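Colleague: Can you keep this structure in mind? I'll have questions shortly.
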Amino acid sequence: MGFDPEFALSTVPTILGAIGTTLLVAISSGLGASALGFCFEMVRRGGGTAGLITRFLIDFIRSTPVLAWLYFLYFVLPFYGIRLGAMSVGVIGLSLYFSGYLAEVFKAGIDAIPKGQQEAAKALSLGRLDTIVFVIAPQMLRNIAAPMGNYFVSILKATPYLAVLAVPEMLGRAFDVASETYRYAEPLTVAGILFLALALVISRAVKRLELRLFKDSSH
Amino acid sequence: MQDLPKTAVQIRTLNKWYGAFHVLKNIDLHVQRGSRVVVCGPSGSGKSTLIRCINGLEAYQDGAILLGGTMLGSQAKATALARRQTGMVFQGFNLFPHLTVLSNCTLALRRVLGKSRKEAEDLALHHLRKVKIPEQAHKYPAQLSGGQQQRVAIARAMCLSPRVMLFDEPTSALDPEMIKEVLDVMIGLAQDGMTMLCVTHEMGFAREVADQVVFMDEGRIIEQASPKAFFGGAVHPRARMFLETILH
Numbered sequence: 001m002g003f004d005p006e007f008a009l010s011t012v013p014t015i016l017g018a019i020g021t022t023l024l025v026a027i028s029s030g031l032g033a034s035a036l037g038f039c040f041e042m043v044r045r046g047g048g049t050a051g052l053i054t055r056f057l058i059d060f061i062r063s064t065p066v067l068a069w070l071y072f073l074y075f076v077l078p079f080y081g082i083r084l085g086a087m088s089v090g091v092i093g094l095s096l097y098f099s100g101y102l103a104e105v106f107k108a109g110i111d112a113i114p115k116g117q118q119e120a121a122k123a124l125s126l127g128r129l130d131t132i133v134f135v136i137a138p139q140m141l142r143n144i145a146a147p148m149g150n151y152f153v154s155i156l157k158a159t160p161y162l163a164v165l166a167v168p169e170m171l172g173r174a175f176d177v178a179s180e181t182y183r184y185a186e187p188l189t190v191a192g193i194l195f196l197a198l199a200l201v202i203s204r205a206v207k208r209l210e211l212r213l214f215k216d217s218s219h
Numbered sequence: 001m002q003d004l005p006k007t008a009v010q011i012r013t014l015n016k017w018y019g020a021f022h023v024l025k026n027i028d029l030h031v032q033r034g035s036r037v038v039v040c041g042p043s044g045s046g047k048s049t050l051i052r053c054i055n056g057l058e059a060y061q062d063g064a065i066l067l068g069g070t071m072l073g074s075q076a077k078a079t080a081l082a083r084r085q086t087g088m089v090f091q092g093f094n095l096f097p098h099l100t101v102l103s104n105c106t107l108a109l110r111r112v113l114g115k116s117r118k119e120a121e122d123l124a125l126h127h128l129r130k131v132k133i134p135e136q137a138h139k140y141p142a143q144l145s146g147g148q149q150q151r152v153a154i155a156r157a158m159c160l161s162p163r164v165m166l167f168d169e170p171t172s173a174l175d176p177e178m179i180k181e182v183l184d185v186m187i188g189l190a191q192d193g194m195t196m197l198c199v200t201h202e203m204g205f206a207r208e209v210a211d212q213v214v215f216m217d218e219g220r221i222i223e224q225a226s227p228k229a230f231f232g233g234a235v236h237p238r239a240r241m242f243l244e245t246i247l248h
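This is the structure:
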């Protein structure tokens, strides 16, 4: 039984039908992980007890499997009265998991900003929040555009983990088709190609963004 | 302007340590309003640290700094207001690279003083004209020469209408031919009556605009004199030695 291109094509609409779910999970998790990671890094940078706890939390998140997080949120929390939908658990789990990594990326991006920038902001009496928003964050973004792009692709590639929660994303849908027809090669290949296409789109978008962020300098 | 105190900056027996290292030792310094003080001395003598203490970039452990009558650190809000009356120019310019020249100048006007975009831009352009650089307003810092960047940095600091301008070796990072354009701007400021405290090795500038030269060595002020007296014959042998090397 060889690879049947015609059958492969016939599975495309079904698998493509799940692209919305995949994208929704990937984008929400990407945004969630970025926001959470940035907050983590800001608190860690602030030092003190909160900083210490956050430092431990980031390390803890990074040292545990993403599946453990998903199982925990889905199967353990209900015992404590917290019942979340599969989609929510997926997005929260991926956001938490990747926030630990993104906090590290933000840290590197901020560390690379010359110290004089914060001093100039302070000399101009800019407040703490204004300094972050108008001086630090924009410069951080251009330092981290490339690694951020990589992590967004990683988040996209992590969405199939949600199959364990029966969230109908692309790979899960492809596997359903495979189980129903006992033909695995075609649907899984189609899903693989679709993931590849999405990853390429993300990479291109990041490249574009990088060019825009660097338009003001000689880089 | 009648109600302004006559002393712009008053430093009383200031002491600062970096760990066990005693960087500033019993510094006493009074800067009258409208006066120009040049601080010089060998590297490591604490002159940059001193100037950075004045606007709160560095903390100190002992003594007091008064800005226009407000003691730094006495009360958070008053300290913030007093600090706002100092403008700082750094050796490395420290312009914001992701913002245009104009936005560099308007950022604090808008976020700190709450001015409208129009108001802020008008004020910024006024100060950019004063440093003779209005035509570069929409460029980014990386597109300017070092001298131009430093002039923008001066305009940026001037936008907040400081009562005291602090300069931390403003020309040390510049190519020789760019030093003059920056010094000319600073001379212009002096002629406008700005109170200036300037760490520099530009002795020509000190001679021309300073009315007080402060010489520091190993964390102490060891000589404080008019430029005429200082260059005519510094008393302290360390200062004489310094002058001999630097004037060649």
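Heads up: the sequence lines are chains A and B, in that order.
Residue 1 is where the first sequence starts when you use the UniProt record's numbering, and the numbers rise one by one after that.
Residue 1 is where the second sequence starts when you use the UniProt record's numbering, and the numbers rise one by one after that.
Where is the CB? At the ideal position from N, CA and C, for every residue including glycine.
Values in this document were obtained by computation on a predicted structure and should not be read as measured data.
#1: So which residues of chain B does residue 119 of chain A contact, with C-beta pairs closer than 9 Å?
#2: Given this structure, state the Cα-to-Cα distance separating residue 95 of chain B from residue 236 of chain B, to the nearest angstrom.
#3: Where residue 84 of chain B and residue 160 of chain B are concerned, what is the direct C-alpha to C-alpha distance, given to the nearest angstrom?
#4: What residues in the segment 129-146 of chain A bring their beta carbon closer than 8 Å to a beta carbon of chain B?
#5: To the nearest angstrom, report how far apart residue 133 of chain A and residue 210 of chain A are at their CA atoms.
#6: Can you check the segment 109-148 of chain A for any alpha helix (DSSP H) of at least 4 residues that lies completely inside it and give the ranges in chain order?
#7: Any contact between the segment 101-115 of chain A and the segment 160-172 of chain A? By contact I mean 3 or more CB pairs, one from each, below 8 Å.
#8: Just verifying my parser: in three-state terms, what is the DSSP assignment at residue 194 of chain B?
#9: Between which two residues does the alpha helix (DSSP H) harbouring residue 121 of chain B extend?
#10: Under DSSP, the alpha helix (DSSP H) around residue 86 of chain B begins and ends at which residues?
#11: Pull up the DSSP beta-bridge partners for residue 135 of chain B, would you.
#12: Report the rounded CA-to-CA distance for residue 157 of chain A versus residue 195 of chain A, giving the unit in angstroms.
#13: With the cut-off set at 8 Å, would you say residue 155 of chain B and residue 128 of chain B are in Cβ contact?
#14: By DSSP's criteria, residue 216 of chain B is part of a beta bridge. Which residues make up the other side?
#15: Mind listing the chain B neighbours of residue 211 of chain A? Cutoff is C-beta to C-beta under 9 Å, in chain order.
#16: Could you name the residues of chain B that residue 122 of chain A contacts, counting a contact when the two beta carbons are closer than 7 Å?
#17: Just verifying my parser: in three-state terms, what is the DSSP assignment at residue 148 of chain B?
#18: Just the Cα atoms here: how many angstroms apart are residue 131 of chain B and residue 46 of chain B?
#19: At 9 Å on the CB atoms, spell out the chain B contacts of residue 109 of chain A, in chain order.
#20: Name the DSSP bridge partner or partners of residue 64 of chain B?
#21: Taking the runs of the alpha helix (DSSP H) that are 4 residues or longer, which of them lie wholly in the segment 15-83 of chain A?
#22: CB residue 18 of chain A to CB residue 183 of chain A, shorter than 8 Å?
#23: Among the residues of its own chain, which have a CB less than 8 Å from the CB of residue 113 of chain A, if the five just before and after it don't count?
#24: Helix, strand or coil: how does DSSP classify residue 97 of chain A here?
#25: With 8 Å as the threshold, decide whether the Cβ of residue 126 of chain A is near any Cβ in chain B.
#26: Quick one: grab the DSSP three-state call for residue 206 of chain A.
#27: Check this for me: beta carbons of residue 49 of chain A and residue 190 of chain A, under 8 Å apart or not?
#28: Would residue 61 of chain A be called buried (16 or more neighbouring beta carbons within 10 Å of its own) or exposed?
#29: Would you mind working out which of A:104, A:29, A:179 sits nearest residue 43 of chain A, comparing C-alpha positions?
#30: If you check the beta carbons only, do residue 23 of chain A and residue 89 of chain A fall under 8 Å apart?
#31: At a Cβ threshold of 8 Å, is residue 107 of chain B touching chain A?
#32: So, is the C-beta of residue 1 of chain B closer than 8 Å to a C-beta in chain A?
Modeller: In short, the structure shows the following:
#1: 52, 57, 88, 90, 94
#2: 38 Å
#3: Put simply, the backbone Cα of residue 84 of chain B is about 8 Å away from that of residue 160 of chain B.
#4: 130, 134, 135, 138, 139, 142
#5: Cα to Cα, the separation comes out at about 19 Å.
#6: Those alpha helix (DSSP H) runs which fall completely within the segment 109-148 of chain A and span 4+ residues are 115-123.
#7: no
#8: coil
#9: Membership of residue 121 of chain B in the alpha helix (DSSP H) is indicated by the continuous run 117-130.
#10: Not the alpha helix (DSSP H): residue 86 of chain B falls in the beta strand (DSSP E), residues 86-89.
#11: Residue pairing of residue 135 of chain B in beta bridges, as defined by DSSP: absent, with no partner found.
#12: Between the alpha carbons of residue 157 of chain A and residue 195 of chain A lies a distance of about 7 Å.
#13: yes
#14: B:221
#15: Those do not exist, as residue 211 of chain A stays about 14 Å from chain B at its closest Cβ, beyond 9 Å.
#16: 57
#17: helix
#18: 29 Å
#19: Here the premise fails: no neighbours, minimum Cβ distance about 13 Å.
#20: According to DSSP, which records beta bridges pairwise, residue 64 of chain B is partnered with B:12.
#21: 19-46, 48-62, 66-71
#22: no
#23: 136, 139, 140, 143
#24: Note: residue 97 of chain A maps to helix in three-state DSSP.
#25: It does; some Cβ of chain B falls within 8 Å.
#26: helix
#27: no
#28: buried
#29: Among A:104, A:29, A:179, the Cα nearest to that of residue 43 of chain A is on A:104.
#30: Cβ atoms of residue 23 of chain A and residue 89 of chain A: not closer than 8 Å.
#31: yes
#32: The pLDDT assigned to residue 1 of chain B is 47, lower than 50, so where the model puts this residue is not dependable; a value taken from the coordinates is nonetheless given after this. Chain A contact via Cβ: absent.
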